[in-house]
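Enquirer: Just passing along the structure, written as structure tokens.
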Amino acid sequence: ARGGRCLIGDEMGLGKTVQIAAYLAVLHHSGVLQNMHVQNASLGVAAPTDGGGILIVAPATLVMQWRSELNLWYPPLRVCIMHQVDEQERKEAIRVASSQRGVLITSYETMRIASDDLLEASWVMMVLDEGQKIRNPNASITLAAKRFSTPHRIILSGSPIQNNLQELWSLFDFICPGRLGTLPVFMEEFAHPIEQGNLVGANQARVATAYECALALRELTQPCVLRRTKAECMDVLQLPHKQEQVLFCHLTPEQYQVYIDFLQTEQVRRAMTAGRDRKNVGAVFFSISVLRKLCNHPDLLLLNADKELQPPDMWSFERSGKMKVLAEIMKLWRNEGHRALIFVQTIQMLEVIQAWMNEMCYAHLRIDGKTPVKRRLKLIEEFNANTDYFAMVLTTRVGGVGLNIIGANRVVIFDPDWNPMTDVQARERAWRIGQTRDVAVYRLVLTGSIEEKVYQRQVYKHFLSQKILSDPRQRQFFKWNDMADLFSMPPMPPKFDPQAMVELRDKYKSLFKKFDRANGADEMTAGDVETTEIMQAISDLPTTSEHQLSKEAVQEHNAILQTLFDSNGIKAAFNHDKVEQPLLDRKIVRDGASLIAQRALAALQKSSRERANHAINEPTWTGREGTAGAVLKQEAKVKREPGIAAREAPAISTAERLSEASGVSSSD
Numbered sequence: 001a002r003g004g005r006c007l008i009g010d011e012m013g014l015g016k017t018v019q020i021a022a023y024l025a026v027l028h029h030s031g032v033l034q035n036m037h038v039q040n041a042s043l044g045v046a047a048p049t050d051g052g053g054i055l056i057v058a059p060a061t062l063v064m065q066w067r068s069e070l071n072l073w074y075p076p077l078r079v080c081i082m083h084q085v086d087e088q089e090r091k092e093a094i095r096v097a098s099s100q101r102g103v104l105i106t107s108y109e110t111m112r113i114a115s116d117d118l119l120e121a122s123w124v125m126m127v128l129d130e131g132q133k134i135r136n137p138n139a140s141i142t143l144a145a146k147r148f149s150t151p152h153r154i155i156l157s158g159s160p161i162q163n164n165l166q167e168l169w170s171l172f173d174f175i176c177p178g179r180l181g182t183l184p185v186f187m188e189e190f191a192h193p194i195e196q197g198n199l200v201g202a203n204q205a206r207v208a209t210a211y212e213c214a215l216a217l218r219e220l221t222q223p224c225v226l227r228r229t230k231a232e233c234m235d236v237l238q239l240p241h242k243q244e245q246v247l248f249c250h251l252t253p254e255q256y257q258v259y260i261d262f263l264q265t266e267q268v269r270r271a272m273t274a275g276r277d278r279k280n281v282g283a284v285f286f287s288i289s290v291l292r293k294l295c296n297h298p299d300l301l302l303l304n305a306d307k308e309l310q311p312p313d314m315w316s317f318e319r320s321g322k323m324k325v326l327a328e329i330m331k332l333w334r335n336e337g338h339r340a341l342i343f344v345q346t347i348q349m350l351e352v353i354q355a356w357m358n359e360m361c362y363a364h365l366r367i368d369g370k371t372p373v374k375r376r377l378k379l380i381e382e383f384n385a386n387t388d389y390f391a392m393v394l395t396t397r398v399g400g401v402g403l404n405i406i407g408a409n410r411v412v413i414f415d416p417d418w419n420p421m422t423d424v425q426a427r428e429r430a431w432r433i434g435q436t437r438d439v440a441v442y443r444l445v446l447t448g449s450i451e452e453k454v455y456q457r458q459v460y461k462h463f464l465s466q467k468i469l470s471d472p473r474q475r476q477f478f479k480w481n482d483m484a485d486l487f488s489m490p491p492m493p494p495k496f497d498p499q500a501m502v503e504l505r506d507k508y509k510s511l512f513k514k515f516d517r518a519n520g521a522d523e524m525t526a527g528d529v530e531t532t533e534i535m536q537a538i539s540d541l542p543t544t545s546e547h548q549l550s551k552e553a554v555q556e557h558n559a560i561l562q563t564l565f566d567s568n569g570i571k572a573a574f575n576h577d578k579v580e581q582p583l584l585d586r587k588i589v590r591d592g593a594s595l596i597a598q599r600a601l602a603a604l605q606k607s608s609r610e611r612a613n614h615a616i617n618e619p620t621w622t623g624r625e626g627t628a629g630a631v632l633k634q635e636a637k638v639k640r641e642p643g644i645a646a647r648e649a650p651a652i653s654t655a656e657r658l659s660e661a662s663g664v665s666s667s668d
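The UniProt record's numbering puts the first residue of the sequence shown at 1, with every later residue one more than the last.
Here it is as structure tokens:
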């Protein structure tokens with residue numbers, strides 16, 4: 001990377017924290033750190049100075065872990081923590097770190113709150129751990145991070161693209177402001193053509209344009225990205241094998257009845273028209289929230305209901321399809337001597353699972369957003385060291401980022417996240433350096449439900465990420481589905497008896513109004529067919545070496561599946577490992593598309609030059625926030641096709657355009 005600016009995008013568990021610790025140790029021991037130039041926001045210029053520290057921003061859960069790692073690998077470096085409530089203590093930590101070429105570690109939220117105090121100090125380097133936290137270009141945390149004038153900037157992120165290419169732009173705009181132009185230009189010239197070419201049914205011209213634009217974007221970003229996967233490092237790491245399976249679980253009869261009844265409500269009808277009527281967006285969020293609660297446990301809807309509506313066996317695992325599967329899995333794992341991590345999205349469901357584990361006398365620990373930051377690392381160390389604990393239950397967004405929980409070798413993702421990388425981050429807590437046993441990961445998805453639609457979108461987002469970070473020739477897999485697809489009817493579960501559900505339906509009348517008796521047809525829905533076709537296409541792929549399991553692991557997995565099939569717990573199982581292998585489509589038509597990509601680069605080059613006229617600590621124009629590189633009002637009114645620059649650029653080579661647009665020569 002040029003000028004100490006880069007994105008370290010190594011896969012989770014490859015030691016990004018240790019890499020930074022070693023890097024800082026080299027800079028300090030060699031004297032380079034002490035002689036670095038610093039740029040103060042108030043001065044606006046780089047100049048030698050005796051002060052200037054290193055600012056590391058990390059999720060709150062990882063603040064103490066960062067201090068431990070830096071103290072372990074290089075004790076001479078002064079390390080301060082800024083996570084205090086007291087304002088004077090925060091200011092003192094800033095003063096000490098910045099004046100002594102030390103390290104100040106803080107959380108993203110504290111950085112946002114205390115940004116004015118931090119900007120008053122001098123910093124020679126800024127490191128964002130789990131840098132995907134600034135993926136929203138208009139968020140206050142993102143804008144706060146981009147106000148620093150620090151010339152040396154590093155992002156650590158094992159998942160730099162999580163949902164869309166706008167997020168990649170936001171990360172690159174921090175490490176290399178202007179490298180990808182302003183956000184409106186980037187979206188028009190690159191993001192939209194790439195995303196449109198990925199859709200099933202896109203014509204050959206769009207597919208070819210998407211390929212060329214993805215190729216050009218990869219060339220633009222590659223000089224500043226260091227990304228290695230575990231597969232590439234297996235010879236060095238000697239990690240044990242990992243398998244990841246998706247278990248498509250049946251709804252229980254109770255879940256199915258309540259689910260289809262809710263689909264008949266007025267709220268869902270309004271939600272299905274949200275694409276045509278934006279005032280119904282609230283109905284969409286409400287409906288999705290209800291359905292996702294139903295997928296976890298139908299009793300979640302009765303949490304605040306009248307006591308007479310609540311069943312005497314409230315929270316029974318028998319009423320939740322996924323909890324029935326979890327119960328079978330945990331029983332087998334306990335007998336085999338395995339230890340498990342269970343990730344859930346909400347505290348409500350975490351407490352339901354925890355109550356069930358208490359009933360089963362499963363010794364366990366818990367981490368969620370309410371767990372004090374200082375306590376989290378101690379809990380993890382206790383779990384890793386004490387094999388008496390069978391399991392740890394964690395909320396995905398708190399416990400799934402950056403933690404080393406190698407005491408467990410089994411992982412359950414209880415409910416999928418819209419963001420695929422949130423689930424990936426969670427599963428990597430166990431499969432990382434230091435793990436000595438084979439790791440098995442099980443994702444639980446209710447078949448035909450909204451969870452299956454979420455999983456479909458996860459796979460699409462993964463391929464979008466692969467197109468830029470790995471190989472632009474990724475296959476087309478998905479089409480954009482309308483809102484109605486989210487609210488389609490799930491298949492009827494085994495042994496469903498409508499007559500037995502009369503009393504249950506009466507219970508939910510106060511919650512669900514204006515619905516008719518549903519006619520559940522035992523047929524494969526359109527969404528079911530789509531998932532089956534996708535999974536079949538991926539299942540035909542070979543399995544890579546790091547996922548080749550031992551005979552014992554295969555036997556254990558087969559035993560679990562047989563138990564679940566015998567109990568009607570699951571409908572199907574799918575090897576998720578194959579989703580993450582490159583799926584190349586060589587049928588790429590490139591005629592004419594290269595010219596469009598060249599013109600897109602020219603437009604980006606122009607936008608980059610406009611951005612270069614502004615200071616590094618001035619946030620780039622996003623269309624809503626920032627000012628650097630913003631187009632004049634009269635220029636903004638001119639509508640043009642993607643790939644056509646506002647003024648025709650001279651015909652120069654792709655390499656020259658890339659060099660000029662990025663400020664990095666081809667030899668760098």
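Ideal placement from N, C-alpha and C gives every residue a C-beta, glycine not left out. Because the structure is a prediction, the values reported are computed rather than measured.
1) Buried or exposed for R228, please, with buried defined as at least 16 other CB atoms from any protein chain shown within 10 angstroms of its CB.
2) Could you give the DSSP three-state label for C361: helix, strand or coil?
3) Of all the options I81, S159, E359 and T346, which has the alpha carbon lying nearest to the alpha carbon of G369?
4) Where does V631 sit, in a helix, a strand or coil, going by DSSP?
5) Can you tell me which of the three DSSP states K251 falls into?
6) Taking the C-alpha atoms as reference points, what is the distance between G623 and A144?
7) Out of S98, A602 and A630, which one is the CA nearest neighbour of D117?
8) Looking only at its own chain, which residues have a Cβ that is under 8 Å from the Cβ of G131, when we skip the five neighbours before and after it?
9) Measure how close the beta-carbons of P490 and L294 come, nearest whole angstrom, since I'm counting them as under 8 Å.
10) Compare the Cα-Cα distances from I141 to each of P184, V454, E109 and R101 and report the closest residue.
11) Quick check on DSSP: helix, strand or coil for W123?
12) Report yes if the C-beta distance between A283 and R270 is below 8 Å; otherwise report no.
13) Just checking, does the segment 229-247 make contact with the segment 439-448 on the three C-beta pairs under 8 Å criterion?
14) Leaving out five residues before and five after Y508 in sequence, what residues of the same chain have Cβ atoms less than 7 Å from its Cβ?
15) If I measure Cβ to Cβ from residue 671 and keep anything under 8 Å in the same chain, skipping five residues before and after, which residues do I get?
16) Can you give me the Cβ contacts of E625 inside the same chain, cut-off strictly under 8 Å, excluding the 5 residues immediately before and after it?
17) Just to confirm the assignment, what range does the beta strand (DSSP E) spanning V411 have?
18) Since E254 and L504 should fall inside the 8 Å C-beta cutoff, what is the C-beta to C-beta distance between them, to a whole number of angstroms?
19) Quick one: residues in its chain with C-beta nearer than 6 Å to the C-beta of G399, no 5 flanking neighbours on either side, listed in chain order?
20) Along the chain, where does the beta strand (DSSP E) containing A58 start, and where does it finish?
21) So, for V63: in the same chain, excluding its five sequence neighbours on each side, which residues have a beta-carbon less than 8 Å away from its beta-carbon?
22) Please report the straight-line C-alpha distance between I405 and L365, rounded to a whole angstrom.
23) Where do the N-terminal and C-terminal ends of the alpha helix (DSSP H) with V284 fall, by residue?
24) Tell me the rounded alpha-carbon separation between V96 and G102.
25) Who are the near neighbours of I450 in its chain, counting only those whose CB is closer than 8 Å to its CB and skipping five residues on each side?
26) In terms of alpha-carbon separation, which member of L446, G321, L379 and D438 lies closest to H338?
27) Run through DSSP, which three-state label would M12 get?
28) Does the beta-carbon of K146 have 16 or more other beta-carbons within 10 angstroms, so that it is buried, or is it exposed?
29) Tell me, to the nearest whole angstrom, how far the beta carbon of G181 is from that of S608; I am working on the premise that it is less than 8 Å.
30) Using beta-carbon positions only, say whether A612 and G178 come within less than 8 Å of one another.
31) Quick one: give me the first and last residue of the beta strand (DSSP E) that H152 is part of.
32) Who are the near neighbours of K378 in its chain, counting only those whose CB is closer than 8 Å to its CB and skipping five residues on each side?
33) Shortest alpha-carbon distance to L226 belongs to which of V502, D10, I413 and A603?
34) Identify every run of the alpha helix (DSSP H) within the segment 319-406, keeping only runs that are complete inside it and at least 4 residues long; order them along the chain.
35) Could you give the DSSP three-state label for R5: helix, strand or coil?
36) Based on the DSSP output, what are the partners of S107 in its beta bridges?
Expert: Per the coordinate set shown:
1) Locating residue 228 in the sequence shown gives position 228, counting from the first residue. Exposed: under 16 other Cβ atoms inside 10 Å.
2) Along the sequence shown, one-based indexing puts residue 361 at 361. DSSP places C361 in coil when its eight states are reduced to three.
3) The sequence position of residue 369 within the sequence shown is 369, counting from 1. It is T346.
4) Taking the sequence shown and counting its residues from 1, the one referred to as residue 631 is at position 631. Coil at V631, not helix or strand.
5) As a working note, residue 251 is residue 251 in the sequence shown. First, the residue type needs correcting, since residue 251 is Leu and not Lys in the sequence shown. DSSP places L251 in the coil class of the three-state scheme, outside both helix and strand.
6) Position 623 of the sequence shown, counted from the start, is the residue given in the question as residue 623. Position 144 of the sequence shown, counted from the start, is the residue given in the question as residue 144. Distance between the alpha carbons of G623 and A144: 17 Å.
7) Taking the first residue of the sequence shown as position 1, residue 117 is located at position 117. Nearest C-alpha to D117: S98.
8) Your numbering for residue 131 matches position 131 in the sequence shown. The beta carbon of G131 is closer than 8 Å to those of L7, I155, L156, S157, P160, L171 and F174 in its chain, skipping five residues each way along the sequence.
9) Indexing the sequence shown from 1 puts residue 490 at position 490. Indexing the sequence shown from 1 puts residue 294 at position 294. The pair is not a contact, with the Cβ atoms about 10 Å apart (cut-off 8 Å).
10) Reading the sequence shown from its first residue, position 141 is the one you call residue 141. Comparing Cα-Cα distances from I141 to each of P184, V454, E109 and R101, the minimum goes to E109.
11) On the sequence shown, position 123 is the one that residue 123 refers to. Reduced to three states, the DSSP call for W123 is strand.
12) Mapped onto the sequence shown, residue 283 falls at position 283. Mapped onto the sequence shown, residue 270 falls at position 270. For A283 and R270, yes; Cβs fall inside 8 Å.
13) As far as the Cβ criterion goes, the segment 229-247 touches the segment 439-448, which means the pair count is three or higher.
14) On the sequence shown, residue 508 is found 508 positions in, with the first residue counted as 1. Answer for Y508: V258 and D261, listed in chain order.
15) The first residue shown for the chain is 1 and the last is 668, placing residue 671 beyond what the model contains.
16) On the sequence shown, position 625 is the one that residue 625 refers to. In chain order, P137, N138, L143 and P619 place their CB closer than 8 Å to the CB of E625, counting only its own chain and leaving out the 5 sequence neighbours on each side.
17) In the sequence shown, the residue the question calls residue 411 occupies position 411. Boundaries of the beta strand (DSSP E) harbouring V411: R410 to I413, taken from the DSSP string.
18) Numbered from 1 along the sequence shown, position 254 holds the residue referred to as residue 254. Numbered from 1 along the sequence shown, position 504 holds the residue referred to as residue 504. Right, the Cβ-Cβ distance comes to about 6 Å (below 8 Å), so this counts as a contact.
19) The residue you call residue 399 lines up with position 399 of the sequence shown. Within the same chain, and ignoring the five residues on either side of G399 in sequence, the residues whose Cβ sits closer than 6 Å to its Cβ are I367.
20) Stepping through the sequence shown from its first residue, residue 58 is reached at position 58. G53 to A58 is the extent of the beta strand (DSSP E) around A58.
21) As a first step, residue 63 is located in the sequence shown; it is residue number 63 there, counting from the start. Same-chain partners within the cutoff: I81, H83, I105, T106, S107 and V373.
22) The residue labelled residue 405 in the question sits at position 405 within the sequence shown. The residue labelled residue 365 in the question sits at position 365 within the sequence shown. Distance between the alpha carbons of I405 and L365: 12 Å.
23) Taking the sequence shown and counting its residues from 1, one reaches residue 284 at position 284. V281 to N296 is the span of the alpha helix (DSSP H), which, as asked, contains V284.
24) Counting from 1 along the sequence shown, the entry for residue 96 is found at position 96. Counting from 1 along the sequence shown, the entry for residue 102 is found at position 102. C-alpha separation (whole angstroms): 7 Å.
25) On the sequence shown, position 450 is the one that residue 450 refers to. Hits under 8 Å: I288, L291, R292, C295, L486 and F487.
26) Numbered from its first residue, the sequence shown carries residue 338 at position 338. Measuring from the Cα of H338, the nearest candidate turns out to be D438.
27) Position 12 of the sequence shown, counted from the first residue, corresponds to residue 12. Residue state, collapsed to three classes: coil.
28) In the sequence shown, counting from the first residue as 1, residue 146 sits at position 146. So K146 ends up on the buried side.
29) Along the sequence shown, one-based indexing puts residue 181 at 181. Along the sequence shown, one-based indexing puts residue 608 at 608. In this structure G181 is in contact with S608, their Cβ atoms being roughly 5 Å apart against a cut-off of 8 Å.
30) Within the sequence shown, the letter at position 612 stands for residue 612. Within the sequence shown, the letter at position 178 stands for residue 178. Taking 8 Å as the Cβ cut-off, A612 and G178 qualify as a contacting pair.
31) In the sequence shown, the residue the question calls residue 152 occupies position 152. H152 to L156 is the span of the beta strand (DSSP E), which, as asked, contains H152.
32) As a first step, residue 378 is located in the sequence shown; it is residue number 378 there, counting from the start. Closer than 8 Å at the Cβ level, and outside the excluded window around K378, lies no residue.
33) If you number the sequence shown from 1, residue 226 lands on position 226. With distances taken between Cα atoms, L226 lies closest to D10.
34) 321-336, 347-359, 373-385 and 396-399
35) For the purposes of this step, residue 5 is taken as residue 5 along the sequence shown, with counting starting at 1. Note: R5 maps to strand in three-state DSSP.
36) In the sequence shown, residue 107 corresponds to position 107, counting from 1. Answer is A58.
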